[in-house]
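Take the sequence shown: its position 13, counting from 1, is numbered 12 in numbering that gives the first Met the number 0, and each next residue is one higher.
Think of the CB as a built atom: it goes at the ideal place given N, C-alpha and C, for glycine as much as any other residue.
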Amino acid sequence: MNVREDDVLEAAARWRREGRGVALATVVETWGSAPRPVGSHLVIDDRGDFLGSVSGGCVEGAVVSEAAEVIADGQPRLVSFGVADETAWRVGLSCGGRISVYVEKVG
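See below:
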């Protein structure tokens, strides 16, 4: 399913209006092979619902986990995944890419 970036941002605003805790993850840097470009978004709520994409595969699962922590403590995080990282194969970046994602609470 293709989701427009506007849909993701609208979902973030709607979920906040509904009183949910919400985090927004944004691709801020890529290098080499990366499935999503800089500026791509993933919105996550405190129920575990999410919309959008920052990478795919296990990277998204790791970002959703980080988002849960951001919602809980309010502290933004910059998370990076890549081939130099020992977790590259585990998170699905064995194709030679690197990605940095900024995760922040939507207030």
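With distances taken Cα to Cα, identify the nearest neighbour of Arg46 among Gly81, Ala10, Gly20. Translated into the one-based positions of the sequence shown, residue 46 becomes position 47. Of Gly81, Ala10, Gly20, the smallest CA-CA separation from Arg46 is found for Gly20.
Cα-Cα separation between His40 and Ala11, rounded to whole angstroms: Stepping through the sequence shown from its first residue, residue 40 is reached at position 41. Stepping through the sequence shown from its first residue, residue 11 is reached at position 12. Roughly 10 Å between the two C-alpha positions.
Whole angstroms is fine: what's the gap from Ile98's alpha carbon to Glu59's? Taking the sequence shown and counting its residues from 1, one reaches residue 98 at position 99. Taking the sequence shown and counting its residues from 1, one reaches residue 59 at position 60. Looking at the two C-alpha atoms, the distance is approximately 11 Å.
Looking at C-alpha atoms only, which residue of Glu9, Leu23, Ser54, Leu8 is the closest neighbour of Leu29? Residue 29 sits at position 30 when you count from the first residue of the sequence shown. Strictly speaking, residue 29 in this sequence is Thr, with Leu absent from that position. When only C-alpha atoms are compared, the closest one is Ser54.
Outcome for Gly18 when other beta-carbon atoms lying within 10 angstroms are tallied against a minimum of 16: Numbered from its first residue, the sequence shown carries residue 18 at position 19. Counting the other CB atoms within 10 Å of its CB gives Gly18 a total below 16, which places it among the exposed residues.
Check whether the Cβ atoms of Glu103 and Leu50 lie closer than 7 Å to each other. The residue labelled residue 103 in the question sits at position 104 within the sequence shown. The residue labelled residue 50 in the question sits at position 51 within the sequence shown. Their beta carbons are not under 7 Å apart, which means Glu103 does not touch Leu50 by this criterion.
Nearest-angstrom Cα separation, counted from Asp72 out to Glu65: Numbered from 1 along the sequence shown, position 66 holds the residue referred to as residue 65. Numbered from 1 along the sequence shown, position 73 holds the residue referred to as residue 72. Their Cα atoms are separated by approximately 11 Å.
Using beta-carbon positions only, say whether Val27 and Ile43 come within less than 7 Å of one another. In the sequence shown, residue 27 corresponds to position 28, counting from 1. In the sequence shown, residue 43 corresponds to position 44, counting from 1. 7 Å or more divides the Cβ of Val27 from the Cβ of Ile43.
Keeping to the same chain, check which residues put their C-beta closer than 7 Å to that of Leu77; ignore five residues upstream and five downstream. Taking the sequence shown and counting its residues from 1, the one referred to as residue 77 is at position 78. Excluding residues within five positions, the ones whose Cβ falls inside 7 Å are Ser99, Tyr101.
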